[in-house]
Amino acid sequence: MNYLEDLAGWLSQEAVRRRIGRPVAARASFALPFDAGDATGILAAVAASAQKWFDAVPRRAYALGPVPSGALHALVEFATGETALLGVEPCEQPAVHVLLIGNHGTVEWTDAPDFRPVASLSPGPIAESLRTGAPVDYR
């Protein structure tokens, strides 16, 4: 199991769900040790993890970046109305911050993990949104 799968499992636990109700929004920031050229694929991996947080299918992604530091951000909208604002940024000392907002409360995850670089996924809609500068629907 990798870090993003562990995080998705924790955010999906029944105890977390009872505390916050149905998740409706998330803000996640991942400062990770990676080559800036991998940022798009890593952001896609974070978006795939967010899909598990909501147990929902992504509908549209709007991505911005990269800024000079190599950071990328994406707003991912899900078919059942949830929204995730996600960001990845290259750094030497990793840090993760996730705020999951439910219809009855919030839960926050902050970590300074010691792990190898996150494996990236095919960038798909995020890369297309970066290229076109417009929102892109998931297929």
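Sequential numbering of the sequence shown, starting at 1030, is according to the numbering used here. No residue lacks a Cβ here, since even glycine has one placed at the ideal position from N, Cα and C.
The alpha carbon of residue 1134 has as its nearest neighbour, out of 1166, 1153, 1050, the alpha carbon of 1050. Each of 1085, 1120, 1162, 1093 was checked against the Cα of residue 1107, and the nearest Cα belongs to 1085. By the CB criterion at 8 Å, residue 1055 and residue 1155 fall outside the cutoff. Judged by beta-carbon spacing, residue 1105 lies within the 8 Å limit of residue 1076, meaning their Cβ atoms are closer than that value. The C-alpha of residue 1082 is placed about 12 Å away from the C-alpha of residue 1043. Boundaries of the alpha helix (DSSP H) around residue 1078: 1068-1083. For residue 1153, the enclosing alpha helix (DSSP H) covers residues 1153-1161. Its chain contains 1080, 1105, 1107, 1167 as the residues whose beta carbon lies nearer than 6 Å to that of residue 1087, once the 5 sequence neighbours on both sides are disregarded; these appear in chain order. Between residue 1141 and the set 1097, 1152, 1127, the nearest pair of CA atoms involves 1127. For residue 1038, the uninterrupted alpha helix (DSSP H) run begins and ends at 1032-1040, by DSSP. Residue pairing from DSSP places residue 1102 in a beta bridge opposite 1093, 1116.
The C-beta of residue 1035 has fewer than 16 other C-beta atoms within 10 Å across all chains shown, which makes the residue exposed.
Here the C-alpha atom of residue 1061 lies approximately 5 Å from the C-alpha atom of residue 1123. The C-beta distance from residue 1078 to residue 1033 rounds to 4 Å, short enough to fall under 8 Å.
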